[in-house]
Amino acid sequence: MDHGMLLALTVVLPVAAGLICLVANDGLIRRLVVAVTTVALIASSLLLYSGGGFVYEPAPVFETIILVLDFVLLVYFLYAGFRFGNLLVIGLTLLQLLPIAYFEFVMGRVEVDHVLMVDNLSLLMSLIISIVGSLVVVYSLAYMDEHEEHLHLERSRQNRFFFFMLLLLGAMQGLVFSNSLYWLYFFWEMTTLCSYELIRHDGTEVAVRNAVTALWMNLLGGVAFVGAMYVGHYYVGGISLAELLGHSQTPALLLLFATLAFAAFTKSAQFPFNKWLQGAMVAPTPVSALLHSSTMVNAGVYLVLRIAPAIQGTSLSLGIALVGAFTFMITAVLALNERVSKGILAYSTIGNLGLIFMCAGLNSPLGYAAAVTILVFHSVSKGLLFLGAGVVENRVHSRLIEDWEGLLARLPFTSLMMIMGMISMFLPPFGMLIGKWAAIDAITTSPLLSGLLIIMLVLVGSAATTVYYTKWLGHLTVLPQAERTRKGEELPAAYAVSMLSLFCLILVMSSGVGLVVNGLVLPAMPADYWGGFYAGLLSLETFVGSFITYPYWIAAGLILLMGLLIARRKGGVVKPPYLSGENVPDNPVAFRTTADGEATADVSGMFLDHEVSSPQLLRMGTIIGALVVLIMFLTVVL
Amino acid sequence: MVDLLNLNTYVPALFVVLAPVIGGLLMGIDRKLTARMQSRIGPPILQPFYDAIKLWGKQPFLASGLQPILAFGYFGFSVAAYALLAFGQDILLMIFTIAVADVCLIVASFNSKSPYSNIGAKRELLVMMSYEPVMILAALNISIMTGTFMIQGIFDITVPLLPYLPLTFLAMIPVLVVNMKKSPFDVSASGHAHQELVRGIYTEFSGYTLALIEFGHWTKVALMLSFVTLFWAPNLIVGVALALTLFFVTLVIDNVYPRLDWKSMVKTTWTAGFLLIIANIIGLIVRLVAL
Chain A
1386 MDHGMLLALT VVLPVAAGLI CLVANDGLIR RLVVAVTTVA LIASSLLLYS GGGFVYEPAP
1446 VFETIILVLD FVLLVYFLYA GFRFGNLLVI GLTLLQLLPI AYFEFVMGRV EVDHVLMVDN
1506 LSLLMSLIIS IVGSLVVVYS LAYMDEHEEH LHLERSRQNR FFFFMLLLLG AMQGLVFSNS
1566 LYWLYFFWEM TTLCSYELIR HDGTEVAVRN AVTALWMNLL GGVAFVGAMY VGHYYVGGIS
1626 LAELLGHSQT PALLLLFATL AFAAFTKSAQ FPFNKWLQGA MVAPTPVSAL LHSSTMVNAG
1686 VYLVLRIAPA IQGTSLSLGI ALVGAFTFMI TAVLALNERV SKGILAYSTI GNLGLIFMCA
1746 GLNSPLGYAA AVTILVFHSV SKGLLFLGAG VVENRVHSRL IEDWEGLLAR LPFTSLMMIM
1806 GMISMFLPPF GMLIGKWAAI DAITTSPLLS GLLIIMLVLV GSAATTVYYT KWLGHLTVLP
1866 QAERTRKGEE LPAAYAVSML SLFCLILVMS SGVGLVVNGL VLPAMPADYW GGFYAGLLSL
1926 ETFVGSFITY PYWIAAGLIL LMGLLIARRK GGVVKPPYLS GENVPDNPVA FRTTADGEAT
1986 ADVSGMFLDH EVSSPQLLRM GTIIGALVVL IMFLTVVL
Chain B
265 MVDLLNLNTY VPALFVVLAP VIGGLLMGID RKLTARMQSR IGPPILQPFY DAIKLWGKQP
325 FLASGLQPIL AFGYFGFSVA AYALLAFGQD ILLMIFTIAV ADVCLIVASF NSKSPYSNIG
385 AKRELLVMMS YEPVMILAAL NISIMTGTFM IQGIFDITVP LLPYLPLTFL AMIPVLVVNM
445 KKSPFDVSAS GHAHQELVRG IYTEFSGYTL ALIEFGHWTK VALMLSFVTL FWAPNLIVGV
505 ALALTLFFVT LVIDNVYPRL DWKSMVKTTW TAGFLLIIAN IIGLIVRLVA L
């Protein structure tokens, strides 16, 4: 098939599927459409990937369509602003609508060569969106049935849910292939629309409030985009991304990139714009899974990775690194104090995106490679974690991780998925940790003073990360003897298929990390960034270190095997815990107190309430984050 | 990579096999010295081994089915970390591997509903949080000196690290105290049974699982001390003397200081670690530039 057709298919297919789901509000049709779309989308993005990069000019009529749709979109935002009486939304929409209208009708159209441009970075992004994103949509088939059953709706609202989910996939695909800033901006605002609609899907008061917050924060990014186009058009001479990247460095160009970086911060929920992504967890879980893993937040990091080569060695680049490192540190500390499962995952997402920004901001070959590595592995692991968290939430009817106690006995399959998701986030030899390792190597080779500041932020952050994930693993694997009955776990096929696919993907990708690095990560990098990071036969190599891969997997496998053998050989009877010798027979967690009364031993989680005060820390983080962003702009302007 | 036909390859392998034994011996010496400091005679130096043999043969009781696997994981990954050190591999990878071992131990103690082991596990988490960043920062400082994170690089530069990294060396003392679970930072469990949390993180281990945990602990102590020997890498005899000195200092600290809470542990290791090592890094850079 010809390139252009494939490209069109990849972008339009999810949108078309979404439209069918919107019109035909029927479970069977929906299942059919989603199944076909998933297979077709993954196939087309794989085919597209194997074809490599090219440029593509859509027919001129599409320019007009995009323009019209953009106005419709902005008018809709305006309507949303009036509907919920939010002045910020109204103001920020007007700040986009008026300049764009002026642009179009007074100034005439800006011509851009190569409206769509496909290279390895966008192909990699498209692959992530297609595979992880589609699996999340498959998962939603089962989730939304359970969700609506729980809500007792008169009429199913799944049609609009699936429409926006699939639309988001299409918008993301369009976003990563756009070369014209205007097209990029349009798709950018489409993702804003989808996230806003998905967050307010349940229509509760909280949902609407958080959706409006998400809307205005993301519109802030839209305004930045309009600003970037303005600067590009008047002071640099074009809004083609490829041309801008190749342009010689001028202050105006740097300002343009700074505004794009600002937009990226809003979309990727970096401090001080973290609030919207945390609020997004009121939506049904598949929404979080989609926003956090493969779409939406990835748009921000994608944009920064895109502009990174052009800002190498500037204060802007350093500013991006600092915002990212600070966000990584503070979210990890905040996650220590978080009790809600999706809340912890949200902090973890924001933090890991921060890590990617940090790496991209270091802007060395190694830093760039680390950024792409983390991006790839994060999307798969975080996808699985959210899918698992959603199942648990529907089964346990609680969002608190303290209520996850003994989940391994209650929901063995889902627990296994969650355990894999968690350990793949922070332990070797999994891909995320390899990314973090490369990141530390990259910091080592960066200038001294900024390097020292960044490394301290990263070290505190990763220490706290280990604590909150291990703590959670602990909750999950407690086996209260009272609940030792082990029944099989009944799961709808859509759950099993989506989670198992991601599970296998993590295992395959992490054990074959050398192939992933050579086959996916390195090709996605700009040519002059090659050479800092490569996979040898048995290890990954940087200038300053070497990470053993396959021997490590073999060793880890042997340790597991020997552990199993010893456990088998020596065996043992499971006994109630030590309760100072006062155990009550037949009740493993009860002990005798005064006058032979019975009391139950219980332990709560560790959330460091006295040491980590979330509201204060959040406020402080917002202020510091805003200051860093401000200083970043000042150094660019002055 | 490893050359299987070269006899020199087998020397590190021998060290890996011996690491738990050396660690066990050090534990015996520890008990003897501590006893002497407290005017007791103390057990024979081989006592830890007698204990382990006895534990191995005891009737097996478990807290959960996962417990023995995780207990072996603690031991296994400690040995793996030692192997990375012995074969001159990446220091960062070694530190991450120690983290895997720690996570196995912690999750194993979380496995039981026991309040004592649960509190111990939480405190062990904070122990991990307190020393890991300091270790990585020390690795960073070493890499500035040697130009690489590979342990082999420390041997390649042929000058000892200590004269260039004195403050980082000092920062290793709290790391050692924390890892050997010694006062004042024996918050998660200690050699001496503290009443308030019985045996802390070890409470729910018995018989062979406890023996496995002991093996893991010995290996980890041997690993930490071997890491210290790297500060005089060209002549490892001096390095071993350095390590033994720090070992002795740790024992003295253990016997002099009363126990402190976890907050002082994190504060001390982080403040001392970060300040000393950052000062050392800046000093080192100035020195290297001056050369």
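Protein sequences appear in the order of chains A and B. Counting from 1386, one number per residue, gives the positions in the first sequence under the working numbering. Counting from 265, one number per residue, gives the positions in the second sequence under the working numbering. In this text, a Cβ means the ideal position worked out from N, Cα and C, and glycines have one as well.
Taking C-beta separations shorter than 8 Å and ignoring five residues to either side along the sequence, the partners of Ala-363(B) in its chain run Met-392 and Glu-396, following chain order.
Under the 8 Å Cβ criterion, the stretch 1756-1764 of chain A counts as touching the stretch 1740-1747 of chain A, having at least three qualifying pairs.
Our two residues, Ile-1624(A) and Ile-1516(A), have alpha carbons roughly 31 Å apart in a direct line.
Out of Leu-426(B), Ala-536(B) and Tyr-472(B), the CA that lies nearest to the CA of Trp-496(B) is found in Leu-426(B). For Phe-1798(A), the closest Cβ of chain B is not nearer than 9 Å.
Counting only runs of at least 4 residues, the stretch 491-528 of chain B fully encloses the following alpha helix (DSSP H) elements, listed from N- to C-terminal order: 500-520.
Only residues of its own chain outside the window of five on either side were considered, and among them Pro-498 have a CB closer than 8 Å to the CB of Thr-422(B), listed in chain order. Taking each of Ala-316(B), Leu-271(B) and Arg-304(B) in turn and checking the Cα distance to Leu-289(B), the smallest one comes out for Ala-316(B).
Of all residues in the stretch 312-335 of chain B, only Trp-320, Gln-323, Pro-324, Phe-325, Leu-326, Ala-327, Ser-328, Gly-329, Leu-330, Gln-331, Pro-332, Ile-333, Leu-334 and Ala-335 place a beta-carbon less than 9 Å from a beta-carbon of chain A. According to the DSSP assignment, Val-1523(A) belongs to no beta strand (DSSP E) but to the alpha helix (DSSP H) extending over 1519-1536. Bounds of the alpha helix (DSSP H) holding Ile-383(B) are 379-410.
DSSP places Leu-1964(A) outside both helix and strand once states are collapsed to three, so it counts as coil.
Rounded to the nearest angstrom, the gap between the Cα atoms of Val-1672(A) and Ala-1665(A) is 8 Å. Runs of the beta strand (DSSP E) spanning 3 or more residues and lying entirely within the stretch 1483-1514 of chain A occur at 1501-1503, in chain order.
Residue environment analysis places Arg-295(B) among the buried positions, since at least 16 neighbouring C-beta atoms fall within 10 angstroms of its C-beta.
With respect to chain A, the C-beta atom of Asn-375(B) has a partner C-beta closer than 9 Å. In the DSSP annotation of this structure, the continuous segment of the alpha helix (DSSP H) that includes Ile-286(B) starts and ends at 274-301. If you draw a straight line from the Cα of Phe-1490(A) to the Cα of Asp-1455(A), it is about 14 Å long.
Around His-1860(A), the same chain offers Ile-1786, Trp-1789 and Glu-1790 as residues with beta carbons nearer than 6 Å, after the five sequence neighbours per side are excluded. Within 7 Å of the CB of Phe-1932(A), the CB atoms of chain B belong to Asp-354 and Leu-357, in sequence order along the chain. Put simply, the CB of Tyr-472(B) is near chain A, with a gap under 9 Å to one of its CB atoms.
Counting only runs of at least 3 residues, the stretch 1881-1922 of chain A fully encloses the following beta strand (DSSP E) elements, listed from N- to C-terminal order: 1918-1920. Rounded to whole angstroms, the Cβ separation of Trp-482(B) and Gly-287(B) is 3 Å, and the two are in contact under 8 Å. If you check the CB distance, Arg-1542(A) and Leu-1630(A) do not come in under 9 Å. The beta carbon of Leu-1398(A) lies closer than 8 Å to those of Thr-1422, Ala-1425, Leu-1426, Ser-1429 and Gly-1555 in the same chain, with the five residues before and after it left out.
Listed along chain A is no residue with a C-beta nearer than 9 Å to that of Tyr-466(B); the closest approach is about 11 Å. If you look at Val-1561(A), you'll find it in the alpha helix (DSSP H) that goes 1543-1562.
From the beta-carbon of Thr-1829(A), the residues of chain B found nearer than 7 Å are Leu-404 and Ser-407. Going by beta carbons, Ser-1895(A) and Ser-1809(A) fall inside the 9 Å limit. Judged by DSSP secondary structure, Phe-1439(A) falls within the beta strand (DSSP E) whose first and last residues are 1439-1441. In the displayed model, Glu-1983(A) falls within a strand according to three-state DSSP.
Residue contact with chain A for Ile-477(B): absent (no Cβ-Cβ distance below 9 Å to any residue of chain A).
In this structure, Pro-1962(A) lies away from Glu-460(B), with their beta-carbon atoms at least 9 Å apart. Under the DSSP assignment, Arg-1953(A) falls in the alpha helix (DSSP H) whose first and last residues are 1935-1955.
Runs of the alpha helix (DSSP H) spanning 4 or more residues and lying entirely within the stretch 1611-1671 of chain A occur at 1626-1631, 1636-1652 and 1660-1664, in chain order. The Cβ neighbour count for Phe-512(B), taken over all protein chains shown within 10 Å, is under 16; the residue is labelled exposed.
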